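J.:
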Amino acid sequence: AELEEEMKRLKLELKQTLDMYNETCRKQAREIDHLKSEEACKLEEAKEAQVAAHAMVEKEKQKCKAALEVARMAQQIAELESQKRKRVEQKFLHEAEEMKKAQDAFACSTIPYRRYSIDEIEAATNYFSNSKKIGEGGYGPVYKAYLDHTAVAIKVLRSDMSQGQTQFQQELDVLNRLRHPNVVLLLGACPEYGCLVYEYMENGSLEDRLFCKNRSPPIPWPARFRIAAEIAAALHFFHRSRPEPIVHRDLKPANILLDTNYKSKISDVGLARLVPASVSDSVTQFIMTSAAGTFCYIDPEYQQTGMLNPKSDIYSLGIMLLQIITARPPMGLTHHVERSIEKGNFDDILDPSVNDWPLEEALSFAKLALKCCELRRKDRPDLGSDILPELERLKDFALDYRRRGRFTSRPTSSQESLAVTEEVRRGISDNQSDKVP
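So, in structure tokens, the structure goes:
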């Protein structure tokens with residue numbers, strides 16, 4: 003019995019020992035599994051860190067590569083700009099040389115104007131008699147006289163004009179180098195005494211005729227359309243002048259003269275400027291120290307900035323075109339015309355002295371003029387490609403109208419001129435005073 007008890011006790015102890023051993027083994031196994039899990043997590047984190055580091059390295063490599071590419075492109079651009087600048091400089095030098103050659107050649111080829119002595123001028127004007135005086139402008143008095151058995155207009159520089167000599171020389175230079183059917187013809191000069199001799203324009207200025215000065219009859223609308231096209235053609239000739247384009251700077255009805263057949267000619271180019279050809283396009287501008295021109299006609303952008311280019315004349319042309327169809331003063335004219343179009347009573351703003359306006363064509367004329375009067379120079383139409391073709395179209399329309407109404411067969415140009423003159427002159431009194439050129 004004692005032996006059995008001892009065996010039971012030993013078995014119990016053995017069982018307890020085995021249980022403790024198994025528990026210890028399980029505990030060790032759990033710890034080993036936990037360690038394995040931690041090691042696996044650390045390994046995964048290490049792998050992720052390695053991948054991230056590799057990605058960062060690749061990203062930095064790409065950044066470095068991109069930076070190198072940008073630097074390479076910048077270097078190429080700098081080289082191209084340098085080459086372009088050299089080409090531009092070479093082109094500019096070449097153009098300057100060519101311009102100088104052209105100017106020298108032009109100076110050699112220009113037909114010299116007729117030089118009159120002061121004795122001839124005094125004899126023709128009866129010593130500047132008031133009886134010969136037909137006008138007074140900002141430049142000085144104007145006299146009607148006869149030289150070489152031809153009626154002429156003589157402008158005389160006032161002695162008190164500080165800028166007069168500059169304007170005199172400018173007008174002499176410009177008119178002496180230009181010949182155009184719609185530019186007043188310079189016949190000669192007496193430079194020593196500031197006298198300019200022009201062809202005499204029988205019907206005075208467009209301004210006088212639009213406002214019916216001396217009770218002259220109104221200009222019929224076909225003649226107005228033709229005059230507008232003639233002015234644009236002459237202005238286009240100015241702007242295409244070579245070697246340097248010419249900007250008139252003082253375009254207005256008072257500076258448009260009409261001959262005996264009401265053919266229009268631009269005059270008073272004393273404020274004109276020769277704009278370097280390299281800065282005469284519609285984008286580039288030529289900077290003047292001060293703006294010149296006549297209030298209400300001067301380009302607002304030129305007035306504010308002093309920057310001059312051929313489109314400065316387009317604004318003045320637009321104001322003058324509006325005056326041609328309305329016979330109104332220039333102040334606020336664009337606003338009045340725009341309002342009349344918006345309100346649908348455009349016909350009310352047309353010159354009432356003409357009672358047979360073709361409204362559709364007159365409206366096209368007005369809209370073109372308003373485009374010319376845009377405040378921003380870049381918004382104004384191009385003279386050669388936009389303005390002149392439209393005015394030529396309207397002139398042709400007027401010509402067709404006149405042919406249908408007056409002629410049964412195709413008229414000659416002389417017949418047309420005589421017809422216009424006859425219509426315009428109807429009602430002019432025999433004692434109408436001389437007109438100012």
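Offset between the sequence shown (1-based) and the working numbering: plus 2.
C-beta: ideal position from N, C-alpha, C; glycine also.
Model, not experiment: these values are computed from the prediction.
1. Under a three-way DSSP split, which group does Cys214 fall into?
2. Do Leu335 and Ser366 have their beta-carbon atoms positioned less than 8 Å apart in this structure?
3. Between the alpha carbons of Arg226 and Ile327, how many angstroms are there, rounded?
4. For the candidate residues Lys373, Pro360, Asn347, Leu361, whose alpha-carbon lies nearest to that of Leu319?
5. Which residues in the same chain have their Cβ closer than 8 Å to the Cβ of Leu237, if we skip the five residues on either side of it in sequence?
6. Is Leu12 buried or exposed, if buried means 16 or more other CB atoms sit within 10 Å of its CB?
7. For Arg379, I'd like the list of residues in its chain whose CB is within less than 6 Å of its CB, leaving aside the five on either flank, ordered along the chain.
8. Could you tell me how far apart the beta carbons of Pro224 and Ala400 are, in whole angstroms, since I believe they sit closer than 8 Å?
9. Are the CB atoms of Gly206 and Tyr115 nearer to each other than 8 Å?
10. Applying the 10 Å Cβ sphere with the 16-neighbour rule, what's the burial state of Met9?
11. Could you tell me the distance, in whole angstroms, from the CA atom of Gln30 to the CA atom of Glu7?
12. Just the C-alpha distance for Pro222 and His241, rounded to the nearest angstrom, thanks.
13. Could you please give the first and the last residue of the uninterrupted beta strand (DSSP E) stretch that includes Thr152?
14. Answer yes or no: do Ala329 and Phe213 have a C-beta to C-beta separation smaller than 8 Å?
15. On the CB-based measure, 16 or more other CB atoms within 10 Å of its CB, does Lys146 come out buried or exposed?
16. Please classify Leu5: is it buried, with 16 or more other beta-carbons within 10 angstroms of its beta-carbon, or exposed?
17. For Ser292, I'd like the list of residues in its chain whose CB is within less than 8 Å of its CB, leaving aside the five on either flank, ordered along the chain.
18. Sort out for me which residues DSSP pairs Lys267 with in a bridge.
19. Is the CB-CB distance between Met203 and Leu159 below 8 Å?
20. Tell me, please, which residues DSSP counts as bridged to Asp188.
21. Can Val176 and Val271 be called in contact, C-beta distance under 8 Å?
22. Report, in whole angstroms, the separation of the C-beta atoms of Val199 and Tyr148, which I expect to be a contact under 8 Å.
23. May I ask which residues mark the beginning and end of the beta strand (DSSP E) holding Lys146?
24. Going along the chain, which residues of its own chain have a beta-carbon closer than 7 Å to the beta-carbon of Asp432, five neighbours each way excluded?
T.: Let me lay it out:
1. coil
2. no
3. 7 Å
4. Lys373
5. His250, Leu253, Ile268, Asp315, Leu319, Leu385
6. exposed
7. Glu303, Lys313
8. 4 Å
9. no
10. exposed
11. 34 Å
12. 29 Å
13. 152 to 158
14. yes
15. buried
16. exposed
17. Reliability fails at Ser292, whose pLDDT of 45 lies under 50, so the model's placement of it is uncertain and no value is given.
18. Leu259
19. no
20. What sits at residue 188 in the sequence shown is Leu, not Asp. Note: Leu188 sits in a beta bridge opposite Tyr200.
21. yes
22. Contact flag wrong, Cβ pair sits at about 11 Å.
23. 143 to 149
24. Only weak support exists for where Asp432 lies, its pLDDT of 37 falling under 50; the value from the coordinates is given anyway. Excluding sequence neighbours, Asp432 sits near nothing in its chain.
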